[in-house]
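Student: Input: one structure, supplied below.
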Amino acid sequence: MDNVKRKAYLATKNMLRVKDILPTEARRKLYDSMITPHFNYCDIVWNGCTKKKAHELQRIQNAAAKAIVNRQETSSSQALKELKLLPLHLKREIHTAVMVYKTLLGRAPNPQIQEIRNCLPKHVYTTRATTQNTFIYK
């Protein structure tokens, strides 16, 4: 997680250097291409990080949002709303929910599906779920 924080911080720092040169639309594209991938990479894995670490990452996103808006008097929450950006904790929750949904539908990577199948109860009784093939195990 420290590596993610460092990379996102350096990308934000680079964007801060050009905030007075580039228009808002170009700064937003820079954010989407240079900073967002660092926040999204394996965010499901480090979703359970400490509040301190999560706050450090959120501060980096806030600084980037304020750099895009390029107004000193704007608070970070106003900048996030204006840019229609979700706070990082909400993005992690959404990504976790999507991964659970894909896993339950059997669209997740095969090792993940196999791990879920190993955790499911095994019995010999005929139930609606086993006869209708409604779950990922068949």
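So the sequence shown is numbered by the working numbering: it starts at 1195 and just counts up by one.
Think of the CB as a built atom: it goes at the ideal place given N, C-alpha and C, for glycine as much as any other residue.
1. Using only alpha-carbon positions, find the residue among Leu-1204, Cys-1243, Val-1263 that is nearest to Cys-1216.
2. Going by CA-CA distance only, name the one from Lys-1201, Arg-1301, Arg-1211, Ala-1257 that's closest to Glu-1277.
3. Which residues bound the alpha helix (DSSP H) around Thr-1218?
4. How would you call Lys-1246, buried or exposed, if buried means at least 16 neighbouring beta carbons within 10 angstroms?
5. Nearest to Arg-1222 by CA position, among Phe-1233, Met-1209, His-1232, Asn-1234, is which residue?
6. Measuring CA to CA, which of Lys-1275, Pro-1231, Asn-1241 is closest to Ala-1291?
7. State the start and end residues of the unbroken alpha helix (DSSP H) segment that holds Met-1293.
8. With Ile-1229 and Thr-1206 assumed to form a contact (beta carbons below 8 Å), what rounded beta-carbon distance in angstroms separates them?
9. Decide if Lys-1275 is buried, meaning its Cβ has at least 16 other Cβ atoms within 10 Å, or exposed.
10. Nearest-angstrom Cα distance between Ala-1248 and Ser-1227?
11. Tell whether a beta-carbon distance below 9 Å holds between Leu-1298 and Ile-1288.
12. Mind checking whether Lys-1285 and Ala-1273 have CB atoms under 9 Å apart?
13. Can you tell me whether Val-1294 is buried or exposed? The criterion is at least 16 other CB atoms within 10 Å of its CB, across all chains shown.
Tutor: By the coordinates alone:
1. Within the sequence shown, the letter at position 22 stands for residue 1216. Sequence inspection shows Leu at residue 1216; the Cys mentioned does not correspond to that position. For Leu-1216, the nearest C-alpha among the options comes from Val-1263.
2. Here residue 1277 corresponds to residue number 83 of the sequence shown, with the count starting at 1. Residue identity check: residue 1277 is Leu in the sequence provided, not Glu. Of the residues Lys-1201, Arg-1301, Arg-1211, Ala-1257, the one whose Cα lies closest to the Cα of Leu-1277 is Ala-1257.
3. In the sequence shown, the residue the question calls residue 1218 occupies position 24. Run containing Thr-1218: 1218 to 1224, per the alpha helix (DSSP H) assignment.
4. As a working note, residue 1246 is residue 52 in the sequence shown. Result: exposed.
5. Within the sequence shown, the letter at position 28 stands for residue 1222. Nearest to Arg-1222 by alpha-carbon distance, out of Phe-1233, Met-1209, His-1232, Asn-1234, is Met-1209.
6. One-based indexing of the sequence shown puts residue 1291 at position 97. Among Lys-1275, Pro-1231, Asn-1241, the Cα nearest to that of Ala-1291 is on Asn-1241.
7. Numbered from its first residue, the sequence shown carries residue 1293 at position 99. Bounds of the alpha helix (DSSP H) holding Met-1293 are 1282 to 1299.
8. The residue given as residue 1229 occupies position 35 in the sequence shown. The residue given as residue 1206 occupies position 12 in the sequence shown. About 6 Å; that satisfies the 8 Å criterion.
9. Counting from one through the sequence shown, the residue named residue 1275 turns up at place 81. Counting Cβ neighbours within 10 Å, Lys-1275 comes out exposed, since fewer than 16 surround it.
10. Translated into positions along the sequence shown, residue 1248 becomes position 54. Translated into positions along the sequence shown, residue 1227 becomes position 33. Distance between the alpha carbons of Ala-1248 and Ser-1227 is about 21 Å.
11. The residue you call residue 1298 lines up with position 104 of the sequence shown. The residue you call residue 1288 lines up with position 94 of the sequence shown. No, they are not a contact pair.
12. One-based indexing of the sequence shown puts residue 1285 at position 91. One-based indexing of the sequence shown puts residue 1273 at position 79. Result no, Cβ atoms of Lys-1285 and Ala-1273 do not sit closer than 9 Å.
13. By 1-based counting over the sequence shown, the position of residue 1294 is 100. So Val-1294 counts as exposed.
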